[in-house]
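Chemist: FYI, UniProt numbering numbers position 304 of the sequence shown as 304, with every residue one higher than the one before it.
Dumping the structure here so I can ask a few things about it.
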Amino acid sequence: MLIYEYKLDGSKAQFAAIEEAIRTTQFIRNTCLRLWMDARGVSRNDLQRYCAVLARQFPFALSLNSQARQAAADRAWAAISRFYEHCRLKIPGKKGYPQFQRDCRSVEYKTTGWKLEADGIHIRFTDGCGIGRLRLIGSRDIMTFPLSQIKRVRLLRRADGYSCQFAVAATRRVEHQPSGKQVGIDLGLRAFFTDSEGNTVAPPQYLRKAERRLKQLHRRLSKTQKRSANRKKARQALSKAYLKVQRQREDVARKQANALVSSHDLIAYEALQIRHLVKNRHLAKSISDAAWGRFLWWVRYYGTLHQVPVIGVEPAYTSQNCSRCGQRVKKSLSMRTHLCPGCGLLLDRDHNAALNILHKALQGTVGQTGTDEGVSSNASGQPAATRRRTAAPRKQAG
């Protein structure tokens, strides 16, 4: 599944109609969830049929396209089925009991309720919400695909305006050029990552760079009166600033992952439990700013496209063991150099760890795998997790 996204150009009345459709989607989703809470044995099919009942009871629900109502019910069932799955697997901690949604930001149409015009830059919504004809702003031509391949159209609200996503049933094929290189990478804070060849990538630190501006916007928001127009403007400005940081992180993670996978035939990485590392209050902000999880997500994704093995290994003692003789050399986090008293090896700490990671992967000491387990494509066109990961020993950042 490929996702094409365009900015939307329309009038205030059209954007207000989109907001009404989004609120209707939230209402249907929450009402279906209430039905599941109140009755026993409710199935996905029951929720789908309940949408017709809601359309007869509420005129505003009837104005929304029937398949869009069913997509809203599917959102409720997705939360329910995820809860069932967590209970079945006996995942420790909270199981994610479905909650009512308060911040719905999108509405999904399937194959009806919309019409793409012949020029390829306008889309018309034909249901009773009154959205009408909108102009698509983007560089890619959606008309290169047959209409039968467009399986879903989603309208969503972002901090910088409204967008339209097309989900196209197509397979992306990439021909990988073998390089004969195998690499291990060690994620860190002083360097974004260090590979087994000694190369380093500087950390982007977009949140750190934007902190001064974000603090100003937070102060401005705190000084406004609740439910006032100025407060709404301040919230909008703050949301745009955070959205910019998010997109910057996504861009650098994607580009670095693509470059890494394109130039190697095997990639080994540490299977870090990032959710445990961010509990360290001294390093949490830096770890989140580095966006390790997003970077590894894209590495696994591109590894699937290029059919390159992406192997995760347990991080235990990768920074402590000598990559030449295997002797364990205890180090504190502040010690950035590895000096082995046994064989005399002198290396940067992260370079030594990257070599150990590669050795572990080649020896078959695998804690988890990326492409070996398979990466599937979810509704957003991005790979989804395919297996619950086993807990790995915690490691100090850096």
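Backbone N, C-alpha and C fix where the C-beta goes; we use that ideal spot for every residue, glycine too.
Using 8 Å as the cut-off, can you tell me whether the region 296–316 makes contact with the region 170–187, which would need three or more C-beta pairs spanning the two stretches below that distance?
Modeler: Touching, per the Cβ criterion.
Chemist: By DSSP, does N65 sit in helix, in strand, or in coil?
Modeler: Start at 1 with the first residue of the sequence shown, and residue 65 comes out as number 65. Correct three-state label for N65: coil.
Chemist: Using 10 angstroms around the beta-carbon of K360, count the other beta-carbons present and answer buried if the total reaches 16, otherwise exposed.
Modeler: Translated into the one-based positions of the sequence shown, residue 360 becomes position 360. That one is buried.
Chemist: Whether or not the region 248–257 and the region 200–211 are in contact is what I'm after, with contact meaning three or more pairs of Cβ atoms, one per stretch, closer than 8 Å; do they touch?
Modeler: Contact holds: three or more Cβ-Cβ distances are below 8 Å.
Chemist: Where L187 and I287 are concerned, what is the direct C-alpha to C-alpha distance, given to the nearest angstrom?
Modeler: For this step, residue 187 is matched to residue 187 along the sequence shown. For this step, residue 287 is matched to residue 287 along the sequence shown. Computed Cα separation, rounded: 10 Å.
Chemist: Here's a check: name, in chain order, each residue in its chain whose Cβ is nearer than 8 Å to the Cβ of F83, leaving out the five neighbours to either side.
Modeler: Walking along the sequence shown from the start, residue 83 turns up at place 83. Within the same chain, F83 has close Cβ partners K95, G96, Y97 and P98.
Chemist: Along the chain, which unbroken stretches of the alpha helix (DSSP H) at least 4 residues long are found entirely within the region 263–289?
Modeler: Runs found: 274–277.
Chemist: Going by DSSP, what residue range makes up the alpha helix (DSSP H) through D119?
Modeler: By 1-based counting over the sequence shown, the position of residue 119 is 119. Unbroken run through D119: none, as it is neither H nor E.
Chemist: Which value, in whole angstroms, describes the spacing of the CA atoms of R23 and H264?
Modeler: For this step, residue 23 is matched to residue 23 along the sequence shown. For this step, residue 264 is matched to residue 264 along the sequence shown. Rounded to whole angstroms, R23 to H264 spans 47 Å at the Cα level.
Chemist: What residues in its chain sit with their C-beta under 7 Å from that of R254, if we drop five residues either side in the sequence?
Modeler: Looking up residue 254 in the sequence shown gives position 254. Excluding positions up to five away in sequence, the list reads W298.
Chemist: By the three-class DSSP mapping on this structure, what secondary structure does E108 have?
Modeler: Here residue 108 refers to the residue found at position 108 of the sequence shown. Residue state, collapsed to three classes: strand.
Chemist: Figure out for me which residue from G180, Q70 and A55 has the closest Cα to the Cα of L47.
Modeler: For the purposes of this step, residue 47 is identified with residue 47 of the sequence shown, where counting begins at 1. That would be Q70, whose Cα lies nearest to the Cα of L47.
Chemist: Q165 bridges to which residues according to DSSP?
Modeler: Walking along the sequence shown from the start, residue 165 turns up at place 165. DSSP lists E5 and R154 as partners of Q165.
Chemist: Measure the Cβ-Cβ separation of G198 and H351 and say whether it is below 8 Å.
Modeler: Stepping through the sequence shown from its first residue, residue 198 is reached at position 198. Stepping through the sequence shown from its first residue, residue 351 is reached at position 351. It is a contact, given that the beta carbons lie within the stated cut-off.
Chemist: Using a Cβ-Cβ cutoff of less than 8 Å, which residues in the same chain neighbour K330 once the five nearest sequence positions on both sides are dropped?
Modeler: Looking up residue 330 in the sequence shown gives position 330. So the qualifying residues of the chain are Q320.
Chemist: Looking only at C-alpha atoms, which of V183, S163, R56 and K90 sits nearest to P309?
Modeler: Numbered from its first residue, the sequence shown carries residue 309 at position 309. Of the listed residues, the one whose Cα sits closest to P309 is V183.
Chemist: Taking contact to mean at least 3 C-beta pairs separated by less than 8 Å, is the region 78–93 in contact with the region 120–133?
Modeler: No, the region 78–93 is not in contact with the region 120–133.
Chemist: Going by beta-carbon coordinates alone, are residue 444 and Q149 separated by less than 8 Å?
Modeler: Within the shown structure, residues of the chain are numbered from 1 to 398, placing residue 444 beyond reach of any answer.
Chemist: Return the bridge partner residues of D348 from the DSSP annotation.
Modeler: Position 348 of the sequence shown, counted from the start, is the residue given in the question as residue 348. Answer is T337.
Chemist: For F27 and A61, which I take to be in contact (beta-carbon distance under 8 Å), what is that distance rounded to the nearest angstrom?
Modeler: Position 27 of the sequence shown, counting from 1, holds the residue named residue 27. Position 61 of the sequence shown, counting from 1, holds the residue named residue 61. Right, the Cβ-Cβ distance comes to about 7 Å (below 8 Å), so this counts as a contact.
Chemist: For the beta strand (DSSP E) that contains R135, what are its first and last residues?
Modeler: Along the sequence shown, read from residue 1 onward, the residue named residue 135 stands at position 135. It spans G132 to I137 - the beta strand (DSSP E) in which R135 sits, taken as one unbroken run.
Chemist: Buried or exposed, going by whether 16 or more other CB atoms sit within 10 Å of the CB of R154?
Modeler: Counting from one through the sequence shown, the residue named residue 154 turns up at place 154. Burial call: buried.
Chemist: Using only CA atoms, which one of R324, N30, L136 and D103 lies nearest to I80?
Modeler: Position 80 of the sequence shown holds residue 80. Checked all of R324, N30, L136 and D103; the closest Cα to I80 is N30.
Chemist: Out of R349, A354, G326 and S332, point me to the one whose CA is closest to C343's CA.
Modeler: Translated into the one-based positions of the sequence shown, residue 343 becomes position 343. Comparing Cα positions, the closest option is G326.
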